[in-house]
Every structure is written in C-alpha cells, then in structure tokens.
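Notes follow the structure.
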C-alpha cells in the first residue's frame with residue numbers, strides 16, 4: 001500500500017509540473033527504488049485508504065490525486081487553511097522516516113530544501129482553479145527523491161541498475177517513475 005501512496009502522490013506532482021518525458025518510464029533495469037535504498041514508510045495505510053476512498057468518485061483523476069495527498073496531510077496536522085505547515089510537516093517526517101538511524105542525518109537538509117522549493121513556487125503562482133493544493137504531494141515526492149539521491153552508503157545497494165534510477169531523478173523524473181508500481 002505504501003507503493004500506492006508514493007504513486008498517488010507522485011502523480012499529483014505531475015499536475016503542477018508539465019507532462020513528464022516518456023523517457024522517465026523507460027528503464028533498462030528491473031530494479032526499483034526499494035531494491036537500491038530501503039526508505040522507511042511515511043504514513044499509515046488505513047489513513048491513506050480512507051483518503052483514497054473519499055476521492056474514488058472524482059471525475060478528474062489529477063485533482064483527485066492531489067486531494068488524496070491533501071487529505072492525508074490535513075489528517076496528520078501538516079496542512080491547514082490551504083497551507084502546508086512547515087513545523088508540523090517536519091514532525092510527521094521525523095516521526096516516521098527520521099526514526100530510522102540511517103536517515104535521521106539526511107532528512108533535515110532534504111526536508112528544508114523541499115519546503116523551500118514549495119515556498120518559491122507558491123510565491124510565483126496562484127491556485128484559484130485548483131480544488132486541492134499541490135504542496136502536500138510535491139513535498140512527499142521531493143522528500144522521497146531527496147532521500148533516495150542521498151541514500152546512506154551503509155544501506156545503498158551497489159547492484160546493477162541502481163545508478164540508472166538515481167540518474168532518472170537527476171534528470172527531473174518523478175520518484176514514482178523509479179518506485180514500485182501497482
């Protein structure tokens with residue numbers, strides 16, 4: 001179910017950015033992100049399912065996906081009044097991913113870079129026509145990508161294909177392009 005969460009939220013990021021290049025999904029390797037760097041899960045599966053169920057009837061898939069991300073962030077106290085709350089978001093990630101001693105040293109810098117990117121994007125754009133905000137989905141995609149790119153050497157799998165996955169992220173591909181699929 002976590003893979004569904006990553007996929008759902010990563011798709012939501014595509015609604016903010018332009019369409020992803022098809023080459024993002026053309027992989028020579030059968031490896032996926034978890035084969036190379038086992039990043040701990042971020043959210044409770046029951047919460048994800050509840051938010052997903054609220055959006056099943058939506059006609060607009062891209063909006064529904066952003067709304068799922070917003071629902072999860074809101075339920076966790078990380079999103080209020082159309083705003084992603086920095087401290088609350090940080091605490092959510094610290095209580096899950098940050099509890100892993102391998103990722104604790106990396107998470108802070110990754111989180112700050114991602115939150116600053118959201119702030120910069122919000123300063124340039126308005127979202128009057130959007131039902132749900134892009135920020136919660138963008139944040140998860142950015143954090144997952146950053147953790148993968150900075151995976152601690154002690155748990156990084158040097159296996160064939162893992163460098164290809166890192167290269168995809170460096171080219172600007174979304175995390176779901178290299179993670180497990182349904």
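In the UniProt record's numbering, the protein residues as written are 1 to 182. Ideal placement from N, C-alpha and C gives every residue a C-beta, glycine not left out. Since the model is a prediction, treat every value here as computed from it, not as a measurement.
Compute the distance between the beta-carbons of residue i and residue j, then report whether it is under 9 Å.
i	j	result
residue 115	residue 145	no
residue 180	residue 32	yes
residue 139	residue 91	no
residue 75	residue 51	yes
residue 173	residue 131	no
residue 171	residue 58	no
residue 71	residue 94	no
Less than 7 Å between C-beta atoms, sequence neighbours within five positions excluded: which residues of the same chain meet that for residue i?
i	result
residue 28	164
residue 105	none
residue 38	155
residue 82	133
For the putative contact between residue i and residue j, defined by C-beta atoms under 8 Å, what is the C-beta separation to the nearest angstrom?
i	j	result
residue 168	residue 178	5 Å
residue 65	residue 137	7 Å
residue 88	residue 98	The Cβ separation is near 14 Å, so there is no contact.
By Cβ distance below 6 Å, which residues in the same chain neighbour residue i in space, the five residues on each side in sequence not counted?
i	result
residue 142	114
residue 184	Because the chain in this structure spans residues 1 to 182, residue 184 falls outside the shown range and cannot be described.
residue 161	29, 31
Give every residue of the same chain whose Cβ lies closer than 8 Å to the Cβ of residue i, excluding the five residues on either side of it in the sequence, and list them in chain order.
i	result
residue 102	152, 154, 155
residue 40	96, 97, 99, 100, 103
residue 147	37, 39, 97, 103, 106, 107, 110
residue 63	15, 130, 131, 132
residue 117	138, 142
residue 236	No answer is possible for residue 236: it lies beyond the span of the chain, which begins at 1 and ends at 182.
residue 149	166, 169, 170
Item checked: In chain order, each beta strand (DSSP E) run of at least 3 residues that lies wholly inside the segment 34-80 -> none
Notebook entry, point to check: Using 8 Å as the threshold, is the segment 104-111 in touch with the segment 38-48, meaning 3 or more CB pairs across them?
Noted result: no
Checklist line | Complete alpha helix (DSSP H) runs within the segment 85-127 (minimum length 4 residues, chain order) | finding: 86-96, 104-124
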